[in-house]
Amino acid sequence: MCKRYRRYAEQIGKLKTLEQKRRENPNVDLLIGAVNIWCWDRDGLGLVQEAKSLGIERILWSRRQSPAVIDAMNNIDGVLTSRYDVYHDCVVAQWYWGDYNNKLPSVWDKRDLFNVLYGTPPMFMFNRQVWGQNKERFAQSYKNICPVVRAVGYAEMKDHRFLTPDRDVQQAEFANGVTVTVDFGDKAYRLGDGSKVEAMGHHVSGI
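Here my numbering = 1-based position in the sequence shown + 7.
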């Protein structure tokens, strides 16, 4: 359905990709690879600074803060303050704010892999206690996902396929030549070129 609408929008002259939007407004690039963070802690600025120190370089902060704090966040390199920003070549939704990466720890790794496969950014929701207990895990989630998002954020997904009958191994191809393979299963998978995709891991080529 999305592909059909995209073709229709292109035919009637309504299609405008992020690449085109970036030429008009270079700040669009700040969205690509930015994790969406919702946090109920009052010290939002301190938390953003701590996240940056852990290597979380791009942040889309969506929780209300005072005007002074919002201004301070917006003055930090790589930090945006807004809600529900969506993108991917033209548009792609992030996780729904009630169903974010870390909502169910038992499937956190799997949610991260879906982000990698689709080239979409993660979403984190937490309070100070949850952040304190899991901040290294949050940072690792960002580092696993967002370099791939940066690599394909301006490219249309051209193909998606299941490589095994049980659908545990899936592959996505993007218009810029990047191919992402994800293994959701409990056994490693060998690609045709000999590359190995570890169980609950991913492989990226074409970057």
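Using N, Cα and C, we set each Cβ at its ideal position, and we do this for glycine too.
Would you kindly report the start and end of the unbroken beta strand (DSSP E) that includes residue i?
{"i": "MET132", "result": "130-133"}
{"i": "GLN177", "result": "176-181"}
{"i": "LYS28", "result": "LYS28 -> not in any beta strand (DSSP E); alpha helix (DSSP H) instead, spanning 25-31."}
{"i": "LEU120", "result": "No beta strand (DSSP E) holds LEU120; the alpha helix (DSSP H) holding it covers 115-125."}
{"i": "ASN43", "result": "42-46"}
{"i": "VAL187", "result": "186-190"}
{"i": "ARG2", "result": "Given a span of 8 to 214 for the chain in the structure shown, any question on residue 2 remains unanswerable."}
{"i": "THR88", "result": "86-88"}
{"i": "LEU67", "result": "66-68"}
{"i": "MET207", "result": "Run containing MET207: none; DSSP gives neither H nor E here."}
{"i": "ARG168", "result": "164-169"}
For residue i, count the other beta carbons within 10 Å of its own beta carbon; 16 or more makes it buried, fewer makes it exposed. Which is it?
{"i": "PHE133", "result": "buried"}
{"i": "HIS167", "result": "exposed"}
{"i": "SER202", "result": "exposed"}
{"i": "ALA182", "result": "exposed"}
{"i": "LEU54", "result": "buried"}
{"i": "ARG14", "result": "exposed"}
{"i": "LEU17", "result": "The displayed chain sequence assigns Glu, not Leu, to residue 17. GLU17 comes out exposed."}
{"i": "PRO154", "result": "exposed"}
{"i": "LEU111", "result": "exposed"}
{"i": "ARG118", "result": "buried"}
{"i": "GLN136", "result": "exposed"}
{"i": "GLN177", "result": "buried"}
{"i": "GLY40", "result": "buried"}
{"i": "ILE214", "result": "exposed"}
{"i": "GLY105", "result": "exposed"}
{"i": "GLY51", "result": "buried"}
To the nearest angstrom, report how far apart residue i and residue j are at their CA atoms.
{"i": "SER60", "j": "GLU143", "result": "11 Å"}
{"i": "GLN72", "j": "PHE169", "result": "43 Å"}
{"i": "ASP96", "j": "LEU198", "result": "Residue placement at ASP96 cannot be trusted, given a pLDDT of 47 that sits under 50; what the coordinates show is reported in the next sentence. So the two alpha carbons sit approximately 27 Å from each other."}
{"i": "ARG30", "j": "LEU38", "result": "14 Å"}
{"i": "VAL42", "j": "ASN82", "result": "17 Å"}
{"i": "HIS209", "j": "TRP138", "result": "26 Å"}
{"i": "MET130", "j": "PRO33", "result": "23 Å"}
{"i": "TYR107", "j": "GLU57", "result": "21 Å"}
{"i": "LYS165", "j": "TRP47", "result": "38 Å"}
{"i": "GLN147", "j": "ILE19", "result": "43 Å"}
{"i": "SER212", "j": "ARG11", "result": "27 Å"}
{"i": "PRO6", "j": "ALA179", "result": "Summary: the structure shown does not reach residue 6, with the chain confined to residues 8 through 214, and so no result is reported for it."}
{"i": "CYS9", "j": "ASP200", "result": "31 Å"}
{"i": "TRP115", "j": "SER69", "result": "21 Å"}
{"i": "PRO74", "j": "ALA206", "result": "45 Å"}
{"i": "ASP175", "j": "GLN140", "result": "30 Å"}
{"i": "TYR149", "j": "TRP45", "result": "15 Å"}
{"i": "ASN151", "j": "VAL187", "result": "13 Å"}
List the endpoints of the continuous alpha helix (DSSP H) containing residue i.
{"i": "LYS59", "result": "51-60"}
{"i": "ILE77", "result": "74-81"}
Hey, does residue i have any beta-carbon neighbour from chain B nearer than 8 Å?
{"i": "THR171", "result": "In summary, chain B is missing from the structure at hand, where a single protein chain is found."}
Is it a yes or a no for the region 177-193 touching the region 112-128, going by three-plus beta-carbon pairs under 8 Å?
Proximity of the region 177-193 to the region 112-128 meets the contact definition, three or more beta-carbon pairs being nearer than 8 Å.
Would you be able to state if there are at least three C-beta pairs under 8 Å between the region 157-164 and the region 16-29?
Put simply, the region 16-29 touches the region 157-164. At least three CB pairs are less than 8 Å apart.
I want to know whether the region 61-70 touches the region 81-91 - three or more CB-CB distances under 8 Å.
Taking a cut-off of 8 Å on C-beta distances, the region 61-70 touches the region 81-91, as three or more cross pairs fall below it.
Can you give, in chain order, each stretch of the alpha helix (DSSP H) that sits fully within the region 131-161 and has at least 4 residues?
Taken in chain order, the complete alpha helix (DSSP H) segments of 4 or more residues contained in the region 131-161 are 135-159.
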